[in-house]
Each structure stands twice: as C-alpha cells, then as structure tokens.
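Numbered according to this note's numbering, the sequence shown terminates at residue 453, and the numbering increases by one at each position without gaps.
Accompanying notes for the structure given below.
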Amino acid sequence: GSLTASGGVRRNSSKNMIQVVFLAPFWNGQSLSSKVSNAKDPYSLGPLFEFDNIEVSEYNLQKYPFETISMEKIKGSFLFLSLPKGVFSRYLDSHRLAVALKTYAIKTISSD
342 GSLTASGGVR
352 RNSSKNMIQV
362 VFLAPFWNGQ
372 SLSSKVSNAK
382 DPYSLGPLFE
392 FDNIEVSEYN
402 LQKYPFETIS
412 MEKIKGSFLF
422 LSLPKGVFSR
432 YLDSHRLAVA
442 LKTYAIKTIS
452 SD
C-alpha cells in the first residue's frame, strides 16, 4: 500500500471490504411494489436475503444488540431509525432471523 501523511500504510480498498448478508431487506420490496399493485405489504415482496460488499469499519460493523426478541426494544430502535411504518413487519422479520441465527451459532460453536 501507499504511505499516508501520518506515516501509516493505506490499505488497498478491496482488502478492506467484506461480504455481508442483509436479513429481510425492506428496500427490495419498494421497487417491486409498482409491479404488484394488490400487495398488502409491498415492503415484504423482496427476497429474505441480500448479499453485498461493505467496507470494514466501526460504523458499518457493530455487535448485534439483542439476545432475544423484545418487542419494546425492537419498536424503540425502529422509531429511532425513522423508517416508514409499513416497513415494521419486515424490520421485525430481520430481527427474528438475526436472533435465530445468533442462537444457532452459539449452540453450534459451543457444542464443537
């Protein structure tokens, strides 16, 4: 890599990227909703998973905050994000998937 002004080595941008899985992304449904006019929940029309590459940073990668599903905490975090109200069911689905995967990983890793 090249040297920065502070003397550190600048990482190659491709080396600082990782592949991630987004659980129950709501944004896919928004583009599909115009094609399906009779959908009850257009935000839930997209796939349950979406893969993407993101930059490794403290902002992008944080520890998942929930151990179990607490509707009060989920609703509070949802309100904080100021997302459209119609997205809530998909937002809740993503947290259900995340908690299930986290629980599975803990049980699987601890049993090995």
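Every residue, glycine too, gets a C-beta built ideally from N, C-alpha and C.
All figures in this text were calculated on a predicted structure; none of them were measured in a lab.
Following the DSSP letters along the chain, one finds residue 389 in no beta strand (DSSP E), marked with neither H nor E. CA-to-CA, the gap between residue 359 and residue 385 works out to about 26 Å. According to DSSP, residue pairing for residue 362 in a beta bridge involves 392. According to the DSSP assignment, residue 419 belongs to the alpha helix (DSSP H) that extends over 412 to 422. Contact annotation: residue 435 and residue 365 have beta-carbon atoms nearer than 9 Å. Remark: C-beta atoms of residue 363 and residue 432 do not approach each other more closely than 9 Å. Residue 425 and residue 392 have their C-alpha atoms roughly 23 Å apart.
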